[in-house]
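Enquirer: Got a structure for you, questions after.
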Amino acid sequence: MGQLNFSNIHKRFGAAEIIKGIDLEVEEGEFVVFVGPSGCGKSTLLRMLAGLEEVTQGDIVIDGVKVNELPPVKRGIAMVFQSYALYPHMTVFENIAFPLRVERTKEEELRKKVEAAARILQLDQRLEQKPGQLSGGQRQRVAIGRAIVREPKIFLFDEPLSNLDAALRAEMRIELTKLHKRLKATMIYVTHDQVEAMTMADRIVVLNGGEIAQNGAPLELYHKPENLFVAGFIGNPKMNFLPVTCKGAGPDGVKVEYDGRTITVPVAPRQGMEGRRLTLGIRPEDIQIGKGELDIPVAPSVIERLGANTVVYAALPGSDTENYCALIAGSAPVRAEETLETGVFAKDCHLFDEGGVAFERQVEMTEVDPELLVATG
Amino acid sequence: MKSNAMIDRYRWYEVIGIYAGVLLFLTFVLAPFVEGFLVSLKPLTYLFSSPYKFWPQNASFDAYFTMWERVPLLGRYIFNSILISTVGTIIGVILITPAAYAFARFDFRGRGPLLGAFLAVNMFSGAVLLIPLYRLMRSFGLLNTYFAMIVPGVAFVIPTGIWLLRTYMLRIPQELEEAALADGASRFYTFRRVILPLAMPGISVVAIYAFLTIYAQQFIYALTFNSKTEYMPLPVGLYAFFGRQDVIWNELMAASFLGVLPVFVVFIYLQRYLVAGMTAGALKT
């Protein structure tokens, strides 16, 4: 139980259209992450699913039942809020028990359920404390506990980790993944953090401006972004975009020119592209020092040494801002303001047309388990 | 707690200036109380001695005992005052709390104009409306009852009470209610289990405000709408000390102080709630 279906969902606030027609299927037991920049409509979509926001147009169907007009509790969902929304005047026990008290569950059964949830979340020792006495991570767990006791078909998370510090966030990510494995429930998770999306999701739905930019498994999005937006959004540091001119297309791919040098990118060719302005996408981690199939000499302006890696920022010729970024070895001998030879290989490159739509890459991703490229439940 | 923060450091002349300012204003505010108290300690004959002596000679608390004999209903007046204020406060809080919640959370037609009207009501003192109120009371047959004094008092605390409590309730995060809604709680259940406990400091402020206001305002309603001696609150009852020929000033002052006492106690005991409630949420804690 927990199969979900959005069909042609629209949401308008007055004249502003926030959600512009979303179609999406979520399989039972899937962990789906909605990700996108602020204002892309991801939270609105979640709130419509939760029943906190009305649907302007379209149908939300859970397990074959249209739920548009149903109150939240009848939809079989439980939601975890960004601010945790714990009741400050109640103990942890009463907070977790709240949904059961609403249902007038018998005291004995209620106690059993709350204690079971507390055990899963390691809150057994905290049941008599008030939320104010807990740390951020513990509060988060209480909020999850309150969702668990209801035994919902679908869990909804609205940016649940964004109030935590970086170390705790990494810890909670692992806990949430374990929780998903353990409960085998459908989970819908909203975040603006692509790391959270990449690490936890079975499937990522990237939203931009109220529409789905791409929908797929994390590594599918990473290796085969369908458009410039997804290419720029997934991956950290951000993908580099170089303006190139198309010089022809053949069975090997599309030949493009950058700054007088050419490279043939192995992508599905299209006809009649000669002379067009295209965008070459290169991930910072695919750039190496020295020669490649396309050489890009730059003068680094800022160098960040992270220990494991070094991040090099530079301005491409004809630009004032640092729009070129390379992720290289931690001990790489680079210095600011000294010209650095960088190179890339054609198989690592992405290519986008004037409309920002990607040419499909034809690379054999032999090192990637093919199952990881297909979204599975 | 001694603060060592740099912002709390003053030079000696700044400290003197601050205290001089405080003293000046306190003199204006407290002088009548001091004089009243001193008068209550003086025997009546010394009150009109010439030249007038500020500090009492032969000071005694006699007036605090003799006043009960001269005005036998004094105890009843004090009881009436407290009864009117207490009942008024309870009715006020019962009416204000749900109304404030509605004004804080429900988006209904006319909410803005109504809130504006509530502020406007404060521009009229009860005195302006005495005659219409009198006619109203007469038509309802409420003249010469406790209710004649309670109802107008309550009516005049409701608008400000709603404003105070609404502001407080607006600070309760909406996500708490959404969480309760998502967990299947009804509006009323959420109000009872979540909003009410969290709004308690705000409700205390409103209750204190209502009690103090009704206590202070009952005089004018009692004077107009009630002629039964046994229902009189203290401020009106004090007229009993005005004799045919002379006024028993020392006992009058003694009774006044006794009358201020309940308000004073309420205020001392609850003023920290008042301050905390009025500034709550101003800073994130």
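Residue numbers (my numbering), protein chains in the order written: chain S, 1 to 377; chain H, 1001 to 1285.
Glycine included, each C-beta is placed from N, C-alpha and C at the ideal position.
Alpha carbon to alpha carbon, how far is Gly-248/S from Ala-170/S?
Expert: Cα to Cα, the separation comes out at about 46 Å.
Enquirer: Terminal residues of the continuous beta strand (DSSP E) containing Thr-342/S?
Expert: 340-344
Enquirer: Express the C-alpha separation of Leu-1073/H and Thr-1086/H in angstroms, rounding to a whole number.
Expert: 20 Å
Enquirer: Quick one: complete alpha helix (DSSP H) runs, 4+ long, within the region 1176-1209 of chain H?
Expert: Listed in chain order, they are 1187-1190.
Enquirer: Using a Cβ cut-off of 7 Å, pull out every chain S residue sitting near Tyr-1189/H, in sequence order please.
Expert: Val-102
Enquirer: When DSSP builds the beta bridges, which residues end up paired with Glu-211/S?
Expert: Asn-208/S
Enquirer: Which same chain residues end up closer than 6 Å to Leu-1038/H when comparing Cβ atoms and leaving out the 5 residues on each side of it in sequence?
Expert: Result list for Leu-1038/H: Pro-1056, in chain order.
Enquirer: Find the residues of chain H that neighbour Pro-160/S, judging by a C-beta separation of less than 9 Å, and give them in chain order.
Expert: None at all; the shortest Cβ gap to chain H is about 12 Å.
Enquirer: Under 8 Å, CB to CB, which of the residues in the region 1153-1181 of chain H have a partner in chain S?
Expert: Pro-1173, Glu-1175, Leu-1176, Glu-1178, Ala-1179, Ala-1180, Leu-1181
Enquirer: Since Lys-255/S sits in a beta bridge, which residues does DSSP pair it with?
Expert: Bridge partners of Lys-255/S: Gly-248/S, Thr-264/S.
Enquirer: For the region 107-118 of chain S against the region 143-163 of chain S, do three or more pairs of beta-carbon atoms, one drawn from each stretch, fall closer than 8 Å, so that the two count as touching?
Expert: yes
Enquirer: Taking three-plus beta-carbon pairs below 8 Å as touching, is the region 318-330 of chain S in contact with the region 187-199 of chain S?
Expert: no
Enquirer: Is Leu-168/S near the ligand GDP, with its Cβ less than 7 Å from a heavy atom?
Expert: Absence of the ligand GDP is noted for the structure shown, with no ligands found whatsoever.
Enquirer: What is the DSSP secondary structure of Gly-290/S, reduced to helix, strand or coil?
Expert: In the structure shown, Gly-290/S falls within a coil segment according to DSSP collapsed to helix, strand and coil.
Enquirer: Does any residue of chain S bring its CB to less than 8 Å from the CB of Leu-1283/H?
Expert: With a pLDDT of only 41 at Leu-1283/H, under the threshold of 50, the placement of this residue in the model should not be trusted; the figure read from the coordinates follows. So no, Leu-1283/H is outside the interface.
Enquirer: Could you list which residues in chain H have their beta carbon closer than 9 Å to that of Met-79/S, in chain order?
Expert: Glu-1178, Ala-1179, Ala-1182, Asp-1183
Enquirer: By DSSP, does Gly-307/S sit in helix, in strand, or in coil?
Expert: coil
Enquirer: Mind listing, in chain order, the continuous alpha helix (DSSP H) runs of no fewer than 4 residues lying wholly within the region 2-57 of chain S?
Expert: 42-50
Enquirer: Is the region 1111-1131 of chain H touching the region 1167-1181 of chain H, taking contact as three or more C-beta pairs under 8 Å?
Expert: no
Enquirer: In angstroms with no decimal places, state the Cα-to-Cα distance between Leu-351/S and Arg-361/S.
Expert: 8 Å
Enquirer: So Ser-384/S contacts chain H; which residues on that side make the cut at Cβ distance below 8 Å?
Expert: Since the first residue shown for chain S is 1 and the last is 377, residue 384/S is missing from the structure and cannot be characterised.
Enquirer: Candidates Lys-20/S, Leu-280/S, Arg-141/S: which alpha carbon is nearest Tyr-84/S's?
Expert: Arg-141/S
Enquirer: As a quick exercise: from Ile-1150/H, Arg-1070/H, Leu-1044/H, Gly-1092/H, pick the residue whose alpha carbon is nearest that of Leu-1238/H.
Expert: Arg-1070/H
Enquirer: According to DSSP, simplified to helix, strand and coil, what is Ala-147/S?
Expert: helix
Enquirer: Using a threshold of 8 Å, state whether the C-beta atoms of Ala-1216/H and Met-1232/H are closer than that.
Expert: no
Enquirer: CA-CA distance, Thr-1089/H and Thr-1229/H?
Expert: 23 Å
Enquirer: According to a CB-to-CB cut-off of less than 7 Å, which residues of the region 1194-1219 of chain H neighbour chain S?
Expert: Answer set for the region 1194-1219 of chain H: Val-1194, Pro-1197, Leu-1198.
Enquirer: In whole angstroms, what separates the C-alpha of Ala-1063/H from that of Ser-1049/H?
Expert: One Cα belongs to Ala-1063/H, the other to Ser-1049/H, and the distance between them is close to 18 Å.
Enquirer: With distance defined between alpha-carbon atoms, name the residue in Thr-1190/H, Phe-1241/H, Trp-1163/H, Leu-1041/H nearest to Val-1205/H.
Expert: Trp-1163/H
Enquirer: With contact counted as at least three CB pairs below 8 Å, one residue from each stretch, are the region 1100-1116 of chain H and the region 1256-1269 of chain H in contact?
Expert: No, they do not touch.
Enquirer: Tell me the rounded alpha-carbon separation between Arg-126/S and Pro-1197/H.
Expert: 22 Å
Enquirer: Expressed to the nearest angstrom, what Euclidean distance is found between the alpha-carbon atoms of Ile-1018/H and Phe-1033/H?
Expert: 23 Å
Enquirer: If you draw a straight line from the alpha carbon of Cys-40/S to that of Phe-34/S, how long is it in whole angstroms?
Expert: 10 Å
Enquirer: Look up Val-73/S in the DSSP assignment and say whether it is helix, strand or coil.
Expert: helix
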